[in-house]
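Enquirer: Residue numbers (our numbering), protein chains in the order written: chain D, 31 to 260; chain H, 31 to 260.
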């Protein structure tokens with residue numbers, strides 16, 4: 031059977047990182063194409079015999095030199111048939127959360143440059159990538175309130191104030207620190223370690239860690255994590 | 031620029047209906063292709079200048095004669111490159127919830143037949159459609175607990191026992207009817223009308239209706255609908 035279809039399939043990755051109390055997004059400078067030298071999300075065309083998830087991982091490695099632990103499918107963009115001026119391209123977008131403090135970026139074959147941008151200083155982006163990024167940010171904000179995804183953005187051990195700042199920063203809201211601490215600790219999934227770090231005022235404070243095994247167990251038992259600021 | 035890519039793009043729709051206290055899925059019998067005469071989800075290839083959402087709506091109309099109010103993107107399937115024996119086809123899957131009691135099905139151009147199947151009597155399905163259906167059912171079950179989507183499956187006015195049965199049936203669980211009623215009514219989004227219907231025992235009972243405007247308003251104010259049976 032022959033089937034004529036001119037639609038092309040691409041993947042894009044929205045990688046959120048967090049460092050110095052700022053939410054960042056990983057962008058690359060395009061080396062080729064209509065949008066040459068413009069910043070864009072990491073991504074590219076899927077190869078013929080390639081699984082979608084393999085294509086995202088390959089593009090991440092080729093364009094930025096990084097590997098991520100977990101990619102979640104965000105949405106497939108294909109209702110605007112002119113989103114790419116060359117052909118009708120549908121893009122399957124994935125998002126990832128990483129602790130960016132220790133990742134080393136390296137623009138490779140396909141990209142001119144790869145860099146973290148603070149979420150409030152995003153340059154013009156190629157294609158409809160600004161719109162895709164906005165949808166990804168919304169998803170991140172919403173997930174923060176019902177899944178413990180914030181811990182993916184933090185180092186293994188962190189100050190409680192880091193966790194508070196992360197919620198304040200990403201949700202763009204003030205929080206009642208005492209209630210927040212009480213609520214988070216009530217789930218029993220954040221544990222105090224016996225190590226110390228330095229808080230913003232330079233004073234030593236206890237480091238905490240997220241107990242993922244415990245969270246998975248509670249989840250299975252039907253106990254749900256939830257942080258509402260309403 | 032020329033780009034060689036042999037991947038094809040399809041859309042599939044998982045349409046859930048509800049009638050006589052049963053959850054049903056809309057399936058069609060394939061008219062052509064490798065899986066000729068097998069049952070499958072509604073769906074097909076996207077046309078070159080066609081938005082994804084237009085493709086799903088077209089396939090629904092062509093294969094079953096129905097129009098739905100709202101389609102939600104479920105997931106894009108494209109990690110198993112052999113899910114279609116002919117070529118590498120990625121499928122963007124959508125799901126819809128309809129009150130099926132009054133819909134008239136009419137298999138058209140592309141389908142041999144179109145029929146509702148109770149969720150516990152699904153025949154063998156073409157491609158990986160059984161897997162896609164399982165994922166859609168999970169999404170429906172999960173959405174039922176945090177969004178008032180159950181009302182999309184019911185007629186405009188319904189008995190409270192219909193709503194209870196819907197939750198029991200879809201979540202495959204027993205519920206404490208008194209608590210459930212109290213909880214649902216506490217949100218203020220389900221209103222008693224002054225009309226009566228007949229319950230299963232043939233006795234007249236008050237009809238209720240869902241106030242969507244009120245729900246949207248509460249939602250904006252940050253008040254969340256939630257039904258947990260844990």
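Each residue gets a CB set at the ideal place from its N, CA and C atoms; glycine is no exception.
Does any residue of chain B have a CB that is nearer than 9 Å to the CB of residue 109(D)?
Expert: Included in the structure are the protein chains D and H, with no chain B among them.
Enquirer: If residue 73(H) and residue 42(H) are in contact, beta carbons under 8 Å, what's the gap, nearest whole angstrom?
Expert: As a working mapping, residue 73(H) is identified with position 43 in the second chain. As a working mapping, residue 42(H) is identified with position 12 in the second chain. Their Cβ separation, rounded to whole angstroms, is 3 Å, which keeps residue 73(H) and residue 42(H) in contact under 8 Å.
Enquirer: Where does residue 130(D) land, buried or exposed, given buried means 16+ other C-beta within 10 angstroms?
Expert: Residue numbering aside, residue 130(D) sits at position 100 when the first chain is read from its first letter. It counts as buried.
Enquirer: Determine, using beta-carbon pairs with one atom in the region 130-143 of chain D and one in the region 124-142 of chain H, whether at least three such pairs fall under 8 Å.
Expert: Touching, no, given that fewer than three Cβ pairs across the two stretches are closer than 8 Å.
Enquirer: If you follow the alpha helix (DSSP H) that residue 139(D) is in, where does it begin and where does it stop?
Expert: Residue 139(D) sits at position 109 when you count from the first residue of the first chain. Note, residue 139(D): premise wrong, no alpha helix (DSSP H); not H, not E.
Enquirer: State the beta-bridge partners of residue 239(H) as determined by DSSP.
Expert: On the second chain, residue 239(H) is found 209 positions in, with the first residue counted as 1. Answer is 187(H), 221(H).
Enquirer: Please identify the residue among 96(H), 39(H), 233(H), 252(H) whose C-alpha is closest to the C-alpha of residue 78(D).
Expert: In the first chain, the residue the question calls residue 78(D) occupies position 48. The option with the nearest alpha carbon to residue 78(D) is 39(H).
Enquirer: Is residue 35(D) close to chain H? Criterion is C-beta to C-beta, closer than 9 Å.
Expert: The residue labelled residue 35(D) in the question sits at position 5 within the first chain. Closer than 9 Å: yes.
Enquirer: Run through chain D and tell me which residues come within less than 8 Å of residue 118(H), C-beta to C-beta.
Expert: Taking the first residue of the second chain as position 1, residue 118(H) is located at position 88. The contacting residues are 78, 79.
Enquirer: Whole angstroms are fine: how far does the CA of residue 66(D) sit from the CA of residue 89(D)?
Expert: Your numbering for residue 89(D) matches position 59 in the first chain. Your numbering for residue 66(D) matches position 36 in the first chain. Going by the C-alpha atoms only, they are around 17 Å apart.
Enquirer: Using a Cβ-Cβ distance cut-off of 9 Å, determine whether residue 83(D) contacts chain H.
Expert: Numbered from 1 along the first chain, position 53 holds the residue referred to as residue 83(D). Judged by the 9 Å Cβ criterion, residue 83(D) is in contact with chain H.
Enquirer: To the nearest angstrom, how far is the alpha carbon of residue 245(D) from that of residue 204(D)?
Expert: Reading the first chain from its first residue, position 215 is the one you call residue 245(D). Reading the first chain from its first residue, position 174 is the one you call residue 204(D). Approximately 26 Å, taken between the alpha carbons.
Enquirer: Can a CB atom of chain H be found closer than 9 Å to the CB of residue 260(D)?
Expert: Position 230 of the first chain, counting from 1, holds the residue named residue 260(D). Residue confidence for residue 260(D) is low, a pLDDT of 44 falling below 50, so the modelled location carries little weight and cannot support an answer.
Enquirer: Does the beta carbon of residue 122(D) sit closer than 9 Å to a beta carbon anywhere in chain H?
Expert: Translated into the one-based positions of the first chain, residue 122(D) becomes position 92. It does; some Cβ of chain H falls within 9 Å.
Enquirer: I want to see whether chain H comes within less than 9 Å of residue 75(D), judged by CB atoms only; does it?
Expert: Against the first chain, residue 75(D) aligns to sequence position 45. It does: the Cβ of residue 75(D) has a partner Cβ on chain H nearer than 9 Å.
Enquirer: Count the other CB atoms within 10 Å of the CB of residue 247(D); is the residue buried (16 or more) or exposed (fewer)?
Expert: Numbered from its first residue, the first chain carries residue 247(D) at position 217. Residue 247(D) should be labelled exposed.
Enquirer: What is the DSSP secondary structure of residue 102(D), counted as helix, strand or coil?
Expert: Working through the first chain from its first residue, we reach residue 102(D) at position 72. Strand.
Enquirer: Please list, in chain order, the chain D residues whose beta carbon lies closer than 7 Å to that of residue 38(H).
Expert: Taking the first residue of the second chain as position 1, residue 38(H) is located at position 8. Near residue 38(H) (Cβ distances below 7 Å), the residues of chain D are 33, 35.
Enquirer: Does the beta carbon of residue 203(D) sit closer than 9 Å to a beta carbon anywhere in chain H?
Expert: The count along the first chain starts at 1 and reaches residue 203(D) at position 173. Taking Cβ atoms only, chain H never reaches closer than 9 Å to residue 203(D), which makes this a no.
Enquirer: Pick helix, strand or coil for residue 180(D), following the three-state DSSP scheme.
Expert: Indexing the first chain from 1 puts residue 180(D) at position 150. Note: residue 180(D) maps to helix in three-state DSSP.
Enquirer: Relative to chain H, which residues along the region 96-108 of chain D have a C-beta separation below 7 Å, given in chain order?
Expert: Answer in chain order: 103, 105, 106, 108.
Enquirer: Could you check the C-alpha separation between residue 143(H) and residue 143(D) for me, to the nearest Å?
Expert: Indexing the second chain from 1 puts residue 143(H) at position 113. Indexing the first chain from 1 puts residue 143(D) at position 113. Spanning the two alpha carbons is a distance of roughly 54 Å.
Enquirer: If I follow the unbroken alpha helix (DSSP H) through residue 216(D), where does it start and stop?
Expert: In the first chain, residue 216(D) corresponds to position 186, counting from 1. Looking at the DSSP string, the run of the alpha helix (DSSP H) that includes residue 216(D) is 207-216.
Enquirer: Starting from the C-beta of residue 159(D), find all residues in its chain whose C-beta is less than 6 Å away, skip the five residues before and the five after it, and write them out in chain order.
Expert: In the first chain, residue 159(D) corresponds to position 129, counting from 1. Cβ within range, chain order: 70, 71.
Enquirer: Just curious, the beta strand (DSSP E) that residue 40(D) is in, first and last residue?
Expert: For this step, residue 40(D) is matched to residue 10 along the first chain. Its beta strand (DSSP E) spans residues 38-49.
Enquirer: Do the CB positions of residue 62(H) and residue 140(H) come within less than 9 Å of each other?
Expert: Counting from one through the second chain, the residue named residue 62(H) turns up at place 32. Counting from one through the second chain, the residue named residue 140(H) turns up at place 110. Yes, these two residues count as a Cβ contact at 9 Å.
Enquirer: Tell me whether residue 228(H) is buried or exposed, calling it buried when 16 or more other Cβ atoms sit within 10 Å of its Cβ.
Expert: Within the second chain, the letter at position 198 stands for residue 228(H). When all chains shown are included, residue 228(H) counts as exposed.
Enquirer: Taking residue 46(D) as the reference, give the member of 249(D), 165(D), 92(D) with the closest Cα.
Expert: Indexing the first chain from 1 puts residue 46(D) at position 16. Checked all of 249(D), 165(D), 92(D); the closest Cα to residue 46(D) is 165(D).
Enquirer: Identify the continuous beta strand (DSSP E) that holds residue 87(D) and give its terminal residues.
Expert: In the first chain, residue 87(D) corresponds to position 57, counting from 1. That residue, residue 87(D), is in no beta strand (DSSP E); its alpha helix (DSSP H) goes 82-94.
Enquirer: For the candidate residues 231(H), 124(H), 236(H), 221(H), whose alpha-carbon lies nearest to that of residue 242(H)?
Expert: Position 212 of the second chain, counting from 1, holds the residue named residue 242(H). Checking every option, the nearest Cα to that of residue 242(H) belongs to 221(H).
Enquirer: Starting from residue 148(H), follow its DSSP beta bridges and name the residues at the other end.
Expert: Stepping through the second chain from its first residue, residue 148(H) is reached at position 118. Answer by DSSP bridge pairing, in chain order: 54(H).
Enquirer: Going by alpha carbons, who is nearest to residue 80(H) out of 208(D), 84(D), 120(D)?
Expert: Locating residue 80(H) in the second chain gives position 50, counting from the first residue. Of the listed residues, the one whose Cα sits closest to residue 80(H) is 120(D).
Enquirer: How many angstroms separate the CA atom of residue 156(D) from the CA atom of residue 117(D)?
Expert: What you label residue 156(D) is simply residue 126 of the first chain in a count that begins at 1. What you label residue 117(D) is simply residue 87 of the first chain in a count that begins at 1. Spanning the two alpha carbons is a distance of roughly 15 Å.
Enquirer: Does DSSP put residue 67(H) in a helix, in a strand, or in coil?
Expert: Translated into positions along the second chain, residue 67(H) becomes position 37. Three-state result, residue 67(H): coil.
Enquirer: So residue 182(H) packs on residue 237(H), CB below 8 Å; how close in whole Å?
Expert: The residue given as residue 182(H) occupies position 152 in the second chain. The residue given as residue 237(H) occupies position 207 in the second chain. Going by Cβ atoms, the distance from residue 182(H) to residue 237(H) rounds to 17 Å, so no, they are not a contact pair.
Enquirer: Could you pull the DSSP bridge partners for residue 119(H) from this structure?
Expert: Within the second chain, the letter at position 89 stands for residue 119(H). Paired residues: 38(H).
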